[in-house]
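Each remark here refers to the structure printed beneath this line.
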Amino acid sequence: AIFFSEGQLIFSGSGYLEVDANCKAGIRSDDYVRILPKTNIYVDASSGNGIRGNDAVIVTGGVININITGTADKGISTDGEVRIDGGRTTILTSGGYEYDDDDRDYPACSGIKADSLVSINGGELNIKSTGTGGKGINSDDQIVVNDGTVRIITTGKRQKDSKGSVSPKGIKADGNITFNGGQTQVRLEGSGDGTEAIESKSEIHIEAGTVECYSYDDAINSAGNLYIDGGYVYARAMNNDGIDANKNLYLNGGVVIAEGGQQPECGIDAAEGYSAFINGGTVIAVGGGMQAISSSSKQACIAVSASLGTTVGVLDGTTAILGYTMPASNSGTSLMISSP
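Numbering (this note's numbering), first residue to last: 35 to 374.
Take a look at the structure:
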């Protein structure tokens, strides 16, 4: 790398470091990389990762700007953990994908790629990926957002051929994805199956905070159970389900607005053979189809048909307790509302 150490790399102080890497990584440690407050680091890498720590990358503070233009390269990469506790980190990736003969898949660019836990505990994280199949945050383990602000935009499309496929994702984890607080915004502007804003190959837990996402395919998708216990959740899918659990779906609290595509897509969806439960909170779900709600749910719901673009009100006598405007296009007219 341009800046390499076999031991820990710790950046501190109020200086400014600019790294222009045109062959390998910009900053790399065979141990961990840690960035402390007041530090200003800019990395431009055209043929390698931006910042790589084999064991971990820890951002305690500072201002970090990373620009990645190489094929399938990563802004921040580690075989271990990525932890962001503060500061402002901005990552841009514009490189394309490539075929890996050994793994027989298509790696693509990622803003953050970790083999272990990714935790966001504060600060500001901004990621934009414009290449085909590009991802925002990608973990082989778990992703936890406890606090801070996360903004992710991808504009790339899906690539598929006889060898395989690669799809853009905003936040993707092989393990659980958990939101305990903070503000998270994910927008996917590309099209194609698998173009999902938030995807877990295990379970998703939303406990608190704000989670807003928009995508072509499912806006929020879990391979396992999906739980929403609090916070504010807005999920908009243009061509699939707003919130999709491939096992059970539990809506227990908070405010949930889920907008799916046209028939047969739903605002909220549980897998066949599983159930959706509404036990609390305010839930608005709209789509071409409608998920049946388990009769063992603790909170009732109402289902109506409403024209696209119109506003629907729920009244307690003459007092309005809820108002919602239907999507203007690319959705269905099935509307379900549940509220205490």
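Ideal Cβ positions, reconstructed from N, Cα and C, are used throughout, including at glycine.
Given residue i, which residues of its chain have a CB within under 6 Å of its CB, disregarding the five upstream and five downstream residues?
i: E115; result: A90, S150 and L151
i: T316; result: V289 and S373
i: D64; result: E40 and N88
i: G294; result: A271, D275, G276, C300, G301 and G321
i: Y76; result: E52 and N99
i: S256; result: S234, E237, I238 and A279
i: Y66; result: Q42, G87, D89 and A90
Between which two residues does the beta strand (DSSP E) holding residue i run?
i: E246; result: T244 to S249
i: E293; result: V289 to E293
i: K194; result: Q193 to D195
i: M370; result: S368 to S372
i: A207; result: K203 to A207
i: I211; result: I211 to F213
i: I100; result: V97 to I102
i: S331; result: Run containing S331: none; DSSP gives neither H nor E here.
i: Y50; result: Y50 to A55
Consult DSSP for residue i and reduce its assignment to one of helix, strand or coil.
i: D303; result: strand
i: R221; result: strand
i: E237; result: coil
i: G87; result: strand
i: L70; result: coil
i: L349; result: strand
i: I118; result: strand
i: N255; result: strand
i: I171; result: strand
i: L126; result: strand
i: D181; result: strand
i: L283; result: strand
i: G198; result: strand
i: N155; result: strand
Cutting at 8 Å between CB atoms, please list the residues of its own chain near residue i, excluding the five before and the five after it.
i: S365; result: E293, G294, G295, Q296, V320, G321, G322 and L342
i: A354; result: G347 and V348
Kindly give me the distance between the Cβ atoms of residue i and residue j, rounded to whole angstroms, as I take these residues to be in contact under 8 Å.
i: A142; j: G109; result: Actually they are not in contact, since the Cβ atoms of A142 and G109 sit about 13 Å apart, beyond 8 Å.
i: I254; j: D227; result: The Cβ separation is near 16 Å, so there is no contact.
i: N282; j: A304; result: 6 Å
i: N313; j: S331; result: 6 Å
Spatial neighbours of residue i within its chain, please: C-beta separation below 7 Å, excluding the five flanking residues on both sides.
i: P298; result: G322 and G323
i: A334; result: S372
i: S225; result: K191 and Y250
Taking 8 Å as the CB-CB cut-off, is residue i touching chain C?
i: G287; result: The displayed structure is made up of one protein chain only, and chain C is not part of it.
*Does the region 184 to 195 touch the region 215 to 228, meaning 3 or more C-beta pairs lie closer than 8 Å?*
Remark: three or more beta-carbon pairs, one from each stretch, lie closer than 8 Å, so the region 215 to 228 and the region 184 to 195 are flagged as touching.
*Taking three-plus beta-carbon pairs below 8 Å as touching, is the region 221 to 241 in contact with the region 196 to 211?*
As far as the Cβ criterion goes, the region 221 to 241 touches the region 196 to 211, which means the pair count is three or higher.
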